[in-house]
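**Q**
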Ligand code: ZN
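Residue numbers (my numbering): 45 to 495.
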């Protein structure tokens, strides 16, 4: 096990699980959307875990083919009968209201109301999740049982949605974690879903805790760009504001649906031959975990933006109960009965191993490739020579130096070299770094590409 990995996992596992559980419960009830105060609250909470910077982008701001919409906030909503009895209450579940519903306060008949109601055909106990971001409308989502009850009621009904839809701003969070190399890895998650636990709160929390462990690890070589954005519009806005930085990123991770009870899986990046995909498979295999491979598909999450022709970032996603695939997806059953802190943590371990793997792909090159380096000149060899035999106790480090100087031809990465020598990269990287400090090796690339 490498030092990097040990260090990444240096947190107390039980304490961390408790912390994840705390934020899972604290953030689950918030009625997030693509804009609004509950998104700001979510980002503020995340600041307790990692030092993210938050940004506001005004309604009406253009981002490529899109425009930041008006800001949406909601206080309350209900459907009541003629006598004021509340039949459907927003306070029971924020999924009851179609996200971005415009304000309404009217008495209407069933014939009209039914056109604004949405149910889940597959499960009569599930409230579906619906949005209407770009078409001004309003609606309620309810279980099939609730729908049948309303239908038998005859009406009229009072419908009230106490929301505001007005110029404001879109909020997002960013954490830049610099490494020795300027080469950045993108880590993105989306903060726009209301009370659903796997999609997408699990991904938001995993991202925050993963970022914290990367931040605490001083051994890192790569740099990381960690972002918390509303899906689609947020990723587009972020990419447009940070276009040149995003263009120089080669690969990344879109983190979502990582807390389910089912199988692990991963969605490949658009180029199946990109090393990010092989690294993920290696991590699963080394961990002895069975996994499902989902080839790149044009549907999905924000990899659609990051992988578009202007950016072409190879973004992959590791999931535990991938979106689209589990029956509770986009419904009220995607809740805290389905998702636990422990399940999120299981995925967190996998992501940490992946980061470790990325970090281990550094390539060193000898700056003295012609014949042997005179070690004593560089203070690397015992001054009294002649008596040593190879493999003597105490000669291990000299051996590692000699092997590194022999093998670091700029082609083999340090993980491959460590495997060849049957030693851990934990041992090898500090020795290689010392040779870099002495001007004998140079770090030429890191994390599947040039430094
Ligand atoms: Zn979703």
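A virtual CB, placed ideally from N, CA and C, is assigned to each residue, including glycine.
Within 10 angstroms of its Cβ, does residue 455 collect 16 or more other Cβ (buried), or is it exposed?
**A** Burial call: exposed.
**Q** With DSSP as the reference, identify every bridge partner of residue 229, one or two as the case may be.
**A** Residue 229 pairs with 268.
**Q** Reducing DSSP to helix, strand and coil, say where residue 467 ends up.
**A** Residue 467: coil per DSSP, three-state reduction.
**Q** Indicate whether the contact test is met: 3 or more Cβ pairs, each with one atom in the segment 320-339 and one in the segment 261-278, closer than 8 Å.
**A** Touching, no, given that fewer than three Cβ pairs across the two stretches are closer than 8 Å.
**Q** Buried or exposed: residue 243, going by 16 or more other Cβ atoms within 10 Å of its Cβ?
**A** Its Cβ being crowded by 16 or more others within 10 Å, residue 243 is buried.
**Q** The beta strand (DSSP E) that contains residue 101, what's its start and end?
**A** It spans 97-102 - the beta strand (DSSP E) in which residue 101 sits, taken as one unbroken run.
**Q** Could you check what DSSP says for residue 282 in three-state terms: helix, strand or coil?
**A** DSSP places residue 282 in helix when its eight states are reduced to three.
**Q** I'd like the span of the beta strand (DSSP E) that includes residue 251, first residue to last.
**A** Unbroken run through residue 251 is the alpha helix (DSSP H), 247-260; no beta strand (DSSP E).
**Q** So for residue 367, helix, strand or coil by DSSP?
**A** Coil, per DSSP.
**Q** Alpha carbon to alpha carbon, what distance is there between residue 464 and residue 412?
**A** Cα-Cα distance, rounded: 22 Å.
**Q** Buried or exposed: residue 367, going by 16 or more other Cβ atoms within 10 Å of its Cβ?
**A** Result: buried.
**Q** Extract the residue ranges of the alpha helix (DSSP H) inside the segment 317-373, only unbroken runs of 4 or more that lie entirely within it.
**A** Within the segment 317-373, the complete alpha helix (DSSP H) runs of at least 4 residues are 319-330, 347-350.
**Q** Given this structure, state the Cα-to-Cα distance separating residue 332 from residue 301, to the nearest angstrom.
**A** Taking the straight line joining both Cα atoms gives about 21 Å.
**Q** Below 8 Å between beta carbons: does that hold for residue 141 and residue 205?
**A** Their beta carbons are under 8 Å apart, which means residue 141 touches residue 205 by this criterion.
**Q** Three-state secondary structure (DSSP) at residue 400?
**A** Three-state result, residue 400: helix.
**Q** Would you tell me roughly how many angstroms separate the C-alpha atoms of residue 70 and residue 79, rounded to the nearest one?
**A** So the two alpha carbons sit approximately 19 Å from each other.
**Q** What does the alpha-carbon distance come out to for the pair residue 139 and residue 174?
**A** Whole-angstrom Cα-Cα distance: 8 Å.
**Q** Is residue 365 a contact residue of ligand 1, with contact defined as CB to any heavy atom under 7 Å?
**A** Because no heavy atom of ligand 1 lies under 7 Å away, the Cβ of residue 365 does not count as near it: no.
**Q** So residue 116 is in the beta strand (DSSP E); what residue range does that whole segment cover?
**A** Note, residue 116: beta strand (DSSP E), 115-124.
**Q** Excluding sequence positions up to five away, which residues of its chain have a Cβ less than 7 Å from the Cβ of residue 382?
**A** 241, 242, 304, 305, 372, listed in sequence order.
**Q** Would you give the residue range spanned by the beta strand (DSSP E) that residue 295 belongs to?
**A** From DSSP, the beta strand (DSSP E) with residue 295 extends over 295-298.
**Q** If we count Cβ pairs, one from each stretch, closer than 8 Å, do we get three or more for the segment 219-226 versus the segment 359-366?
**A** No, the segment 219-226 does not touch the segment 359-366.
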